[in-house]
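Worksheet: one structure, shown below.
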Amino acid sequence: MLLPEIKEREQRFTLALRMGLPIFALVLALISHTLITNYSSLETSFYVESLLLLAISTYFIFYLLYKGFDVQIRDFASGAFTREYLEKYVTEALKKHKEYTLVLVRVENLSDINQQYGIQAGDRVLQKSVRWLAESLKKEKITHFPIGHFQGGDLILGLKGHKEQYQTALELLSLKARDFKVEDIEVKIATAIVDTYYSHELDFLLEKLLQTQEQEQGIDPSHLEVMVIQAMKRKNLLIHSQAVFEKESIVMHECFVKLQGENGKIIYPKTYIKVIQKLGLRLNFDIMVLQECVQKYQQNETTLALNIAPASLRNEKFVRSAQDILAQGGVQKIVFILSEEEYYSFTSRYNSIIKHLKSFGVLICIDKVGSYHASFLYLRELDIDMIRYDTYYSKEGKMEEHKNIIDGFCLMAEEKKIKTWIKNLQTQESLEMAHSSGIDYVQGKFLANINEE
Numbered sequence: 263m264l265l266p267e268i269k270e271r272e273q274r275f276t277l278a279l280r281m282g283l284p285i286f287a288l289v290l291a292l293i294s295h296t297l298i299t300n301y302s303s304l305e306t307s308f309y310v311e312s313l314l315l316l317a318i319s320t321y322f323i324f325y326l327l328y329k330g331f332d333v334q335i336r337d338f339a340s341g342a343f344t345r346e347y348l349e350k351y352v353t354e355a356l357k358k359h360k361e362y363t364l365v366l367v368r369v370e371n372l373s374d375i376n377q378q379y380g381i382q383a384g385d386r387v388l389q390k391s392v393r394w395l396a397e398s399l400k401k402e403k404i405t406h407f408p409i410g411h412f413q414g415g416d417l418i419l420g421l422k423g424h425k426e427q428y429q430t431a432l433e434l435l436s437l438k439a440r441d442f443k444v445e446d447i448e449v450k451i452a453t454a455i456v457d458t459y460y461s462h463e464l465d466f467l468l469e470k471l472l473q474t475q476e477q478e479q480g481i482d483p484s485h486l487e488v489m490v491i492q493a494m495k496r497k498n499l500l501i502h503s504q505a506v507f508e509k510e511s512i513v514m515h516e517c518f519v520k521l522q523g524e525n526g527k528i529i530y531p532k533t534y535i536k537v538i539q540k541l542g543l544r545l546n547f548d549i550m551v552l553q554e555c556v557q558k559y560q561q562n563e564t565t566l567a568l569n570i571a572p573a574s575l576r577n578e579k580f581v582r583s584a585q586d587i588l589a590q591g592g593v594q595k596i597v598f599i600l601s602e603e604e605y606y607s608f609t610s611r612y613n614s615i616i617k618h619l620k621s622f623g624v625l626i627c628i629d630k631v632g633s634y635h636a637s638f639l640y641l642r643e644l645d646i647d648m649i650r651y652d653t654y655y656s657k658e659g660k661m662e663e664h665k666n667i668i669d670g671f672c673l674m675a676e677e678k679k680i681k682t683w684i685k686n687l688q689t690q691e692s693l694e695m696a697h698s699s700g701i702d703y704v705q706g707k708f709l710a711n712i713n714e715e
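Residue numbers (my numbering): 263 to 715.
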C-alpha cells in the first residue's frame, strides 16, 4: 500500500473516532442508566437491542465518512469542479440539451509561473483565473455555468446553446485577457470552443477542444522562428498607434508593432519578442521599428512613443542609427519607453548615453513603475523625462486602493521635474482618479481607441 493511501486511512480512522466517541458515549450512558435503574425488570431482548444499536451506529459513522471522501466536488488547487465531477455534470447536461457548448480556457504560462514563483503562486493564479472568468462572463449576462479544472492550466466551461451565441463574448474575453494579471504575475490566457454540432459524445468534444487549442497555439518553435525571421527580412510590420492626452490635448502617440507572417498570420509581441531575444535580433529589430515608425508618421508632426529594449539603447550602433534616422525622418520628438527587470548598475554611462540622445530630440520614459524594482532605482538615478505606471494600477479599484503609492511617485516625479503617465484607463472614474493624483499624461480606450489604419 502506498504511503498516501496509508495516511488517508489513518486520517479517516481518526475522524471516525472523533465523530463516533460522542455517539458511543451517549449510547453507553443510556444503556448504563437503564441497567442501573431497571436491572431487575430488563428482558433479554434489551441486551440484544443494545448490541445492535452500537454495531449499527459504528457502521453508519464509518459509511458516512468514507462516502464523504469518495464524493469530492471542488478542486482544491483552482476552486472549480474536479475533473471527475465536471465530466459527470456535463455528461448529464449533454443528455438534456441538444445544443451545448464547451469552452477551453488555458493558462498557457502556468508551468513558467510554477517554476518562477512557486506552486502556491500557480494555485493562486488558477483560483483568480476562475474568479475572473466568472466575473467577466457575468458582465455578458452568462451565469450559473459549470467550470472545472481539467488538467494543468486547462479550465473547461459548459454553456447551453450553440457556440455562435458566445463567440462575441469570448472575443471580448480574449481582449481583456491581454492585460490580465494576478498580483504582479502576467497571465497568458488562450481559448478554444466547440459545440454539439461536432459531436454529442463528451470524449470527442474534449479531444476536439484540445486539438483546436494546440493548432491555434501551435506553430512549432522552429517554424515560428522562420516566420519571425522572414517577417523581419521583408519588414512586414503592422504599426498602430494610440493617442496620449494631457488634459484635453493630444501630446503624443504610442506605437504598437505586430509582425505579419506567412498567409497573413499575425504574430503578437508576447510571442515574437521571446523569439527575437533568443535569436539575438533585438538590436536589429529595434532599429527597424524606429525607422518604420518614423517613416510612417513623418508627415504627422507628432511626438511618437515606442518601446525600445534598454540593452539596445545602451548599444553604440543603435545610438548612431537613431541619430541618422531622426535627422532624416522629420519627426519633431520621439519618446523611448524602457522597461527592465534587472538593474543596470553603470548609471554614469547610462546617463551619458541618455544625454547624447536628448541632444537630438529624444525623450526617455521608464515603464513599469510601481512594479519593477529597477524602475524605482532608475527614477532616482537616471536623467529621464517621464515615468509610466504599471498597468496593474489601471485596473478597476486598484488606483483608489493604491492611491498613496501613486501620489508618492507623483511627488517624487514633481520634485525631479519628471512627467507622469498612466495607460489602459477604461472608465470615467479611473480618469478622474488619475487627474486627482496629478498624473500628467493619460491613455486608454476610454479616451481614444488604437488606430489600426
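In this text, a Cβ means the ideal position worked out from N, Cα and C, and glycines have one as well.
What residue from the options has the CA that sits closest to residue i's CA?
i	options	result
R650	I628, E643, K350 and H411	I628
G410	N686, K620 and E346	E346
S699	L366, F671 and I451	F671
V556	K495, D652, F598 and A383	F598
Q726	E676, Q561 and E361	Absent from the model: residue 726. The displayed extent of the chain is 263 to 715, so no value can be given.
E524	R393, N498 and L432	N498
E508	S307, D702 and A291	D702
S601	I587, Y634 and S607	Y634
S656	L575, K665, L687 and G632	L687
W683	F466, A505 and L521	A505
S294	T306, S307, E305 and S312	S312
G415	V449, S398 and G423	V449
Measuring only the C-alpha atoms, how far is residue i from residue j?
i	j	result
A584	D374	35 angstroms
F343	E469	19 angstroms
S637	M489	33 angstroms
M695	K630	19 angstroms
E658	I451	19 angstroms
D645	K617	8 angstroms
E554	K360	52 angstroms
K620	T565	14 angstroms
K532	F322	57 angstroms
E510	S503	18 angstroms
Q492	L588	26 angstroms
L673	Q705	20 angstroms
F708	T689	6 angstroms
K425	Y362	8 angstroms
I501	F622	24 angstroms
I528	E677	43 angstroms
Sort out for me which residues DSSP pairs residue i with in a bridge.
i	result
C517	S503
H411	L417
N713	S503
L364	G420 and V456
S398	The partner list for S398 (beta bridge, DSSP) is empty, contrary to what the question assumes.
Y651	V631
F608	Looking at the DSSP assignment, F608 forms no beta bridge with any residue, so it has no partner.
R336	F343
N569	I599
K443	E448
V704	F507 and I684
Is the closest heavy atom of the ligand GDP to the C-beta of residue i under 7 angstroms?
i	result
H515	For the structure depicted, the ligand GDP is absent and the ligand set is empty, with no information on it obtainable.
Apart from the five residues just before and just after residue i, which ones in its own chain have a Cβ nearer than 7 angstroms to its Cβ?
i	result
I335	F343, T344 and Y347
Please work out which residues of its chain come closer than 8 angstroms, Cβ to Cβ, to residue i, disregarding the five sequence neighbours upstream and downstream, and give them in chain order.
i	result
I404	L421, Y428 and A431
T276	none
D669	S699 and G700
Excluding five sequence neighbours on each side, which residues of the same chain lie with their C-beta closer than 6 angstroms to the C-beta of residue i?
i	result
N737	Outside the displayed span of the chain (263 to 715) sits residue 737, for which this structure offers no information.
D652	K630, G632 and S633
query = Does the region 342–356 touch the region 439–457, meaning 3 or more C-beta pairs lie closer than 8 angstroms?
reply = no
task = Pair every Cβ in the region 572–584 with every Cβ in the region 542–559, then say whether three or more of these pairs are closer than 8 angstroms.
result = yes
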